[in-house]
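The structure under discussion appears below in the form of structure tokens.
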Amino acid sequence: MKARGVLLVILGVALLLDASCKRQAGTEQSLFPVSNQVAGWAKTGDIRTFEAADLWKYIDGEAERYLKAGVQRVSTTDYKFENKVDAVVDIYTMGNAPGAEKIFKTEPSVDVRPTQLGDEARLSSQSLVFCKGAYLVRIVAFEESPETQQALLQLGQGVELRLARR
Amino acid sequence: MRTMRSASRRDFLKKCVTGAAVLGAGGRMGVLAAAEEGAAFAKSRVVIARDAMLRGTGATVDSRRMLTLLDRAMQVFFDRDNPHETWKKLVRPGETVGLKVNALGGRGLSSNLQLVEAICERLQEAGIEASDIVVWDRDSDELEHVGFHIATGGNQVQCFGTDRVDYEQELVMHGSVGSRLSKILTQRCDVLINVPVLKDHDGAGVSIALKNMYGVIHNPNKYHPNGCNPYIADLNMLPEIRTKMRLTICDATTACFEGGPGYKPGYSWKNNGLMVSQDPVALDYTGWQIIERKRAEKGLKTLEGDKRAPHYIATAADAQHRLGTNDPRRIAVVEV
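So the sequence lines, in the order shown, correspond to chains H and G. Throughout, the numbering used here is defined as the position within the first sequence, counted from one, plus 3. Throughout, the numbering used here is defined as the position within the second sequence, counted from one, plus 2.
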């Protein structure tokens, strides 16, 4: 009888954990535009999420900077633009808006221009970084082409829309 | 013809090294300068080879040009006319050679595929069986993500991460932090060739040869306080690393001057070069200076001004470590 009680408790905890993981996966899924939601962009990778304690597994060496700014987790996935340009989108969830702003502001502006997106944004020939509330978004393209910059901006707008709905 | 080429190259090399010795003498004349010139070959050498047309007119590194660039760097470093002779000085048939690459920076800032292929080609020509070459880093998924093809078994170059074979159970340590070493290092490889990337590092200041060894342990996150100092130097003191390390071939094709170690295109530049040395401290010191020059060109503060100078380099050279030299007077930088 006692053993059955213990088993039920274990089962209950397992179900709760499972539900929590599914909720987590669903939550992160909703951050990223699906394929063709943004014209020309296809999502090509699975979403990977690293909690603060495991951030070093994704950005070893940079993790401390984000931890000091109160990062909670980062989610990342890959995209491809018109079968030509590969890109990665990282969405950092910080504890609050000042945390996202702190990361944004401590990165020097070299060969970039400010652009209208989120609270603040910087665009270069192969990357777009912006913060919106407690989120810091970094999109990096691996090929340079005449269309890359505009395409990055459009993908960024797609991410921003998703963030705005939350 | 061959003799002429040889003489010409040796003359050129002598001029380069002599130039470095004279610069190191700081204008001193006479016996001291002459003695330093005579002792030039006792210095730690760092060969920097560049090819402005390494990518042709595209963005991808050209394989043939990479092989030529590697040959040039290796021939000058080992002072040999024939590229095959250089590799025979480095490895012997029957040895298992590990190429410790760096895949952490993700696409854009990981060890260049064409460089690794070129090294594998020359190793096989030197008599190393394909299956006795292991291209590795900490994680197979990371390797795959940056373009390496995972291969285990069969008569082919092996490529996988420590996740496939695990870390040793036993902790080893030099200094204050203990770690478990990759079984690829301890059980698989007789020889280690380090293939790091030239890049800025948010914590350590720079991440080049010595820092790349963070990829051989299970807990690199424990080694980051205080600008990774003295942890980088301590880690490289482990006998399993010191006794197997024979050469560093640093991928400086795409390098990073800020925002590392991850790839940020705005903070990276196409340097189209390689750096070769058997002194990882001298190589890191030289790489640091290259990064500082690029930072100055871009109007950024020095790493010291940014409160993240790579102090670990001096620690690696100190009396407790003696992993190499960080004294520019004792480093002969040869640019070809």
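C-beta atoms are modelled at their ideal positions from N, C-alpha and C, and glycine is treated no differently. In this text the structure is predicted, and so the values were computed from the model without any measurement.
Can a CB atom of chain H be found closer than 8 Å to the CB of residue 312 of chain G?
By this cut-off, residue 312 of chain G is not an interface position.
Compute the Euclidean distance between the alpha carbons of residue 25 of chain G and residue 45 of chain G, then round it to the nearest angstrom.
Low local confidence applies: a pLDDT of 34 at residue 25 of chain G is under 50, so the model's placement there is unreliable, with the coordinate-based value given in what follows. A straight-line Cα-Cα distance of about 13 Å links residue 25 of chain G and residue 45 of chain G.
Evaluate residue 149 of chain H with the Cβ neighbour count: other Cβ atoms within 10 Å of its Cβ, from every protein chain shown; 16 or more gives buried, anything less gives exposed.
By the Cβ neighbour-count rule, residue 149 of chain H is exposed, with fewer than 16 other Cβ atoms within 10 Å of its own.
Taking residue 2 of chain G as the reference, which of G:219, G:204, G:194 and G:201 has the closest Cα?
Chain G is shown from 3 up to 338; residue 2 of chain G falls before or after that span and cannot be answered.
What would DSSP say about residue 335 of chain G, mapped onto helix, strand or coil?
Residue 335 of chain G: strand per DSSP, three-state reduction.
Give me the Cα-Cα distance between residue 93 of chain G and residue 135 of chain G, rounded to the nearest whole angstrom.
So the two alpha carbons sit approximately 11 Å from each other.
Take every Cβ of the segment 191-206 of chain G, pair it with every Cβ of the segment 101-115 of chain G, and state whether three or more of those distances are shorter than 8 Å.
They touch, by the three-pair rule.
How long is the line joining the alpha carbons of residue 98 of chain H and residue 79 of chain H, rounded to whole angstroms?
Rounded to the nearest angstrom, the two C-alpha atoms are 18 Å apart.
List the DSSP bridge partners of residue 76 of chain H.
Beta-bridge partners assigned by DSSP to residue 76 of chain H: H:54 and H:96.
What residues from chain H crowd round residue 222 of chain G, counting only those whose CB sits closer than 8 Å?
Contact annotation for residue 222 of chain G against chain H: 59 and 63 [CB-CB distance below 8 Å, chain order].
Within 10 Å of its beta-carbon, does residue 340 of chain G have 16 or more other beta-carbons around it, so buried, or fewer, so exposed?
In the structure displayed, chain G extends from 3 to 338; residue 340 of chain G sits before or after that span and is not available.
Candidates G:121, G:144, G:126 and G:174: which alpha carbon is nearest residue 253 of chain G's?
The shortest Cα separation from residue 253 of chain G among G:121, G:144, G:126 and G:174 belongs to G:121.
DSSP three-state label for residue 270 of chain G, please.
Annotated three-state conformation of residue 270 of chain G is strand, per DSSP.
Would you please state the rounded distance, in angstroms, between the beta carbons of residue 74 of chain H and residue 55 of chain H? I believe it to be under 8 Å.
With 8 Å as the limit, residue 74 of chain H and residue 55 of chain H qualify as a contact, their Cβ atoms being about 5 Å apart.
I believe residue 51 of chain G touches residue 74 of chain G by the beta-carbon criterion, under 8 Å. Please report the beta-carbon distance rounded to the nearest angstrom.
Residue 51 of chain G to residue 74 of chain G, Cβ: 5 Å. Contact.
Chain G within 8 Å of residue 107 of chain H, Cβ atoms only
Under the Cβ distance rule, residue 107 of chain H does not count among the residues neighbouring chain G, no pair being separated by less than 8 Å.
Checking the sheet assignment: what are the DSSP bridge partners for residue 161 of chain G?
Residue 161 of chain G is bridged by DSSP to G:137 and G:153.
Please classify residue 313 of chain G as buried or exposed, where buried requires at least 16 neighbouring CB atoms within 10 angstroms.
It is buried - the Cβ of residue 313 of chain G has at least 16 other Cβ atoms within 10 Å.
Can you tell me whether residue 55 of chain G is helix, strand or coil according to DSSP?
For residue 55 of chain G, the three-state secondary structure derived from DSSP is coil.
Taking DSSP as the reference, what is the three-state secondary structure of residue 191 of chain G?
Coil at residue 191 of chain G, not helix or strand.
Please confirm whether residue 169 of chain G has its beta-carbon closer than 8 Å to some beta-carbon of chain H.
With 8 Å as the cut-off, residue 169 of chain G does not count as an interface residue toward chain H.
Please decide whether residue 153 of chain H counts as near chain A, where near means a Cβ-Cβ distance under 8 Å.
Looking for chain A here will not work: the only protein chains present are H and G.
Same chain only: Cβ atoms within 8 Å of residue 172 of chain G, ignoring 5 sequence neighbours per side
Closer than 8 Å at Cβ, skipping near neighbours: 182.
List the DSSP bridge partners of residue 121 of chain G.
Answer is none; residue 121 of chain G lacks a bridge partner.
Which runs of the beta strand (DSSP E), 3 residues or longer, sit entirely within the segment 227-295 of chain G?
Fully enclosed beta strand (DSSP E) runs of 3 or longer: 247-258 and 270-279.
When G:229, G:247 and G:119 are compared against residue 72 of chain G, the one with the closest alpha-carbon
Looking at G:229, G:247 and G:119, the one whose alpha-carbon comes closest to that of residue 72 of chain G is G:119.
Keeping to the same chain, check which residues put their C-beta closer than 6 Å to that of residue 11 of chain G; ignore five residues upstream and five downstream.
Caution is warranted here: a pLDDT of 45 is assigned to residue 11 of chain G, below 50, making its placement in the model unreliable, and no coordinate value can be reported.
Closest residue to residue 163 of chain H among H:152, H:151, H:144 and H:137 (Cα-Cα distance):
Ranking H:152, H:151, H:144 and H:137 by Cα distance to residue 163 of chain H puts H:137 first.
Can you check whether the C-beta of residue 323 of chain G is within less than 8 Å of a C-beta belonging to chain H?
Look at residue 323 of chain G: its C-beta is not under 8 Å from any C-beta on chain H.
Proximity of residue 204 of chain G and residue 289 of chain G at Cβ, strictly below 8 Å
The Cβ atoms of residue 204 of chain G and residue 289 of chain G do not sit closer than 8 Å to each other.
Within the 8 Å Cβ cut-off, does residue 176 of chain G reach chain H?
Chain H, which has no Cβ nearer than 8 Å to the Cβ of residue 176 of chain G, makes this no.
When you measure from the CB of residue 190 of chain G to every non-hydrogen atom of the ligand NAD, does any distance come out below 7 Å?
With respect to small molecules bound, the structure shown includes none, and the ligand NAD cannot be examined in it.
Using only the alpha-carbon positions, how far apart do residue 147 of chain G and residue 108 of chain G sit?
About 7 Å.
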